[in-house]
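Residue numbers (the working numbering), protein chains in the order written: chain A, 3 to 264; chain B, 3 to 264.
Using N, Cα and C, we set each Cβ at its ideal position, and we do this for glycine too.
2 protein chains.
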Amino acid sequence: MEKPLILISNDDGIGWQGIRTLTETIRQLYPDADVAVVAPLHHQSAKSSAITVGMPLIINVRHNEPHYRVIAVDGTPADCVKLAVSKLLPRHPDIVLTGINHGFNSGTNTIYSGTMGAALEAVIHHVPAVAFSYSEFSPDCDMTVCVPVIKEVLSRVMPAIENGTFPKDICLNVNVPKVTSPDELRGIVVTKADMGRWVHEFEEQVDPYGRTIYWTKGHYTAGDADDHDTDTYLLGQGYATIVPCQVDQTAHNTITALKQIL
Amino acid sequence: MEKPLILISNDDGIGWQGIRTLTETIRQLYPDADVAVVAPLHHQSAKSSAITVGMPLIINVRHNEPHYRVIAVDGTPADCVKLAVSKLLPRHPDIVLTGINHGFNSGTNTIYSGTMGAALEAVIHHVPAVAFSYSEFSPDCDMTVCVPVIKEVLSRVMPAIENGTFPKDICLNVNVPKVTSPDELRGIVVTKADMGRWVHEFEEQVDPYGRTIYWTKGHYTAGDADDHDTDTYLLGQGYATIVPCQVDQTAHNTITALKQIL
């Protein structure tokens with residue numbers, strides 16, 4: 003790609019550390035690219051593929067040059083990608099990058115993640131996408147360990163998009179384990195999503211008005227602890243994981259059985 | 003099932019016509035069942051699998067007898083199912099039913115739908131689920147045409163759950179076409195989701211403050227107009243459609259190719 007248009011979004015919000023690290027890395031790596039950051043004005047964590055209907059989206063253009071645009075959108079991550087592709091960008095982006103998310107998005111968390119919601123919205127528009135997540139939730143965490151992973155993944159993905167070998171209509175869900183230095187990273191592996199779930203999901207409290215209220219909490223547990231070829235397992239072993247994801251949620255292998263029942 | 007526990011939720015909000023029609027139908031159909039309605043206090047259309055993090059969920063118990071509970075939750079559809087299964091219900095539900103959604107949820111709309119978000123959350127908790135959607139968006143539409151479809155689908159699904167032939171870890175996405183009488187319905191078919199998208203997605207306006215604002219609008223177009231074995235196509239032909247859906251979004255068939263690239 004001579005002058006790619008790279009769209010960057012996230013779910014934590016346009017001011018967060020993760021998207022700043024991702025944007026700086028991309029601008030250094032592709033100095034000739036046009037980079038557009040179109041990201042939520044407010045925190046939109048766990049917004050999945052939610053979109054805004056019935057209320058308008060309001061934008062705030064913060065930087066507006068052909069090689070570098072920054073636009074905050076008062077909406078969800080999927081809204082940002084939808085609006086950018088449909089209205090705000092001068093041409094179809096060549097790739098959409100999302101993150102770096104503060105917190106892991108492995109396993110069934112894919113379905114809750116706004117970082118993945120933005121990436122999947124790109125796929126609906128037939129734009130390849132890569133979502134990056136780091137296994138630490140704190141807003142001020144050091145994400146420099148993600149930089150070599152981003153560079154390595156894109157050094158493979160960008161040529162594959164250009165030469166047409168990148169699979170159609172997928173995005174990549176990249177998770178980086180929490181390590182203190184890049185040397186501790188044991189490698190980057192392509193795998194599948196683990197089908198676990200959160201347990202002890204809520205903590206009850208009585209609020210000052212006497213009401214019982216419920217806070218989302220708990221911890222994520224793997225679906226099949228014996229399956230070592232999953233993102234959650236490998237992430238826990240110190241590998242960065244890559245899971246290709248698609249929009250289609252049809253359980254194709256159950257259709258024949260269901261035709262018998264229904 | 004001697005005394006099944008049936009959990010009902012939706013995304014339009016607990017007061018809407020669709021969930022009232024669904025609840026009345028279920029209570030008539032299964033007079034011996036325990037029915038629990040746990041649904042969003044506010045309109046949560048297009049909320050996908052979004053969940054509330056960092057803020058508490060507040061509930062409002064409106065009816066609380068063992069055979070019939072009604073609880074409004076100030077959260078998303080997925081929050082409602084999560085909280086009901088984890089905290090509010092006396093035992094694991096036997097099935098989760100969501101809808102009737104005001105508006106179709108065929109094709110890639112599966113990914114945006116809160117009705118489907120609630121059903122997929124049930125699947126994460128290993129509870130079978132059926133989501134019902136009607137192809138009309140208006141809040142006061144007559145949904146009686148959906149009733150025979152609900153009855154027919156559940157007359158097959160409930161025994162299959164009981165005798166263990168219902169496929170594990172899926173939910174059903176049922177769409178009912180807009181017809182004026184049940185006689186016009188051409189049948190109920192099991193099929194796959196269409197991979198289309200919305201076009202002309204936004205309409206611009208200048209608001210009273212001089213800002214350009216963007217409203218979600220447009221129309222949904224099929225991904226492959228020549229593929230007649232999809233929910234969107236068959237719904238347009240007057241069939242009620244059933245698509246089995248899973249939580250896993252891994253694009254398994256691209257893993258081998260990606261291992262070569264990455």
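For this session: Please decide whether GLU203 (chain A) counts as near chain B, where near means a Cβ-Cβ distance under 8 Å.
Result: yes
Exercise. Of the residues that make up the stretch 85 to 107 of chain A, which ones have a beta carbon closer than 7 Å to any beta carbon in chain B?
Worked result: LEU85, SER88, LYS89
For this session: Can you pull the chain B residues whose beta carbon is under 9 Å from the beta carbon of ALA131 (chain A), in chain order?
Result: Those within 9 Å of ALA131 (chain A) in chain B number zero; the least Cβ separation is about 12 Å.
Exercise. By Cβ distance, which residues of its chain are closer than 6 Å to LEU9 (chain A), with the 5 residues on each side in sequence left out?
Worked result: ALA38, ALA86, PRO95, VAL98
Exercise. Alpha carbon to alpha carbon, how far is PRO161 (chain A) from VAL155 (chain A)?
Worked result: 11 Å
Exercise. Using a C-beta to C-beta distance shorter than 7 Å, which residues of chain B count as neighbours of GLN248 (chain A)?
Worked result: GLN251, ALA253
Exercise. How big is the Cα-Cα spacing for VAL201 (chain A) and ASP233 (chain B)?
Worked result: 34 Å
Exercise. For VAL208 (chain B), which of helix, strand or coil comes out of DSSP?
Worked result: strand
Problem set entry | Distance between GLY77 (chain A) and ILE152 (chain A) (C-alpha atoms, nearest Å) | 26 Å
Exercise. Any Cβ of chain B within less than 8 Å of the Cβ of VAL37 (chain A)?
Worked result: no
Problem set entry | Terminal residues of the beta strand (DSSP E) in which HIS136 (chain A) lies | Per the sequence presented here, residue 136 (chain A) reads as Tyr, with His not at that position. Taken as a continuous stretch (DSSP letters only), the beta strand (DSSP E) holding TYR136 (chain A) covers 131 to 136.
Problem set entry | Contacts of THR300 (chain B) in chain A (Cβ-Cβ under 7 Å) | Shown here, chain B extends from 3 to 264; a query on residue 300 (chain B) therefore has no answer.
Problem set entry | Buried/exposed call for VAL40 (chain B), threshold 16 Cβ in 10 Å | buried
Problem set entry | Chain-ordered chain A contacts of ALA41 (chain B) [CB-CB under 7 Å] | Near ALA41 (chain B) there are no residues of chain A at all, since even the closest Cβ is about 15 Å away, more than 7 Å.
For this session: Return helix, strand or coil for ILE102 (chain A), following the three-state DSSP convention.
Result: strand
Exercise. Apart from the five residues just before and just after LEU90 (chain A), which ones in its own chain have a Cβ nearer than 7 Å to its Cβ?
Worked result: VAL40, ILE73
Exercise. Got a sec? Which residues, its chain only, sit under 8 Å from PRO169 (chain A) by beta carbon, not counting five neighbours each side?
Worked result: PRO246
For this session: Could you tell me the distance, in whole angstroms, from the CA atom of LYS180 (chain A) to the CA atom of ALA227 (chain A)?
Result: 21 Å
For this session: Would you list, in sequence order, the uninterrupted alpha helix (DSSP H) runs of no fewer than 4 residues that lie entirely inside the stretch 64 to 101 of chain B?
Result: 79 to 85
Exercise. Do the CB positions of GLY240 (chain A) and LEU187 (chain A) come within less than 8 Å of each other?
Worked result: yes
Exercise. From LEU260 (chain B) to PHE204 (chain A), what does the alpha carbon distance come to, in whole angstroms?
Worked result: 38 Å
Exercise. Taking Cβ-Cβ distances shorter than 8 Å, what residues in chain B pair up with LYS261 (chain A)?
Worked result: VAL192
Problem set entry | Those residues which DSSP pairs with PRO246 (chain A) across a bridge | A:LEU174
Problem set entry | ILE126 (chain B) to ALA224 (chain A) span [Cα, whole Å] | 12 Å
For this session: Please name the residue in A:GLY105, A:LEU7, A:ALA242 whose C-alpha comes closest to that of PRO130 (chain A).
Result: A:LEU7
Exercise. If you drop the 5 nearest sequence neighbours on each side, which residues of the same chain put their C-beta closer than 7 Å to that of ILE113 (chain B)?
Worked result: SER50
Exercise. Which stretch, first to last residue, makes up the beta strand (DSSP E) that contains LEU7 (chain A)?
Worked result: 7 to 11
Exercise. Quick one: does TRP18 (chain A) have its CB under 8 Å from some CB of chain B?
Worked result: no
Problem set entry | Selection from B:LEU59, B:SER115, B:ILE60 that minimises the alpha carbon distance to SER135 (chain B) | B:SER115
Exercise. For the stretch 120 to 144 of chain B, which residues have a beta carbon sitting closer than 9 Å to at least one beta carbon of chain A?
Worked result: LEU122, GLU123, ILE126, HIS127, HIS128
Exercise. By the criterion of Cβ-Cβ separation under 9 Å, what are the contact partners of ALA195 (chain B) in chain A?
Worked result: VAL249, ASP250, GLN251, THR252
Exercise. Whose CA, out of B:ILE215, B:ASN103, B:ALA120, lies closest to the CA of TRP18 (chain B)?
Worked result: B:ASN103
Problem set entry | C-alpha distance - ASP14 (chain A) paired with PRO42 (chain A), whole-angstrom precision | 8 Å
Exercise. On the three-state DSSP scale, how would you describe HIS128 (chain B)?
Worked result: coil
For this session: Measure how close the beta-carbons of ARG199 (chain B) and THR258 (chain B) come, nearest whole angstrom, since I'm counting them as under 8 Å.
Result: Contact doesn't hold; Cβ gap of about 27 Å is too wide.
For this session: Could you give the DSSP three-state label for HIS221 (chain A): helix, strand or coil?
Result: strand
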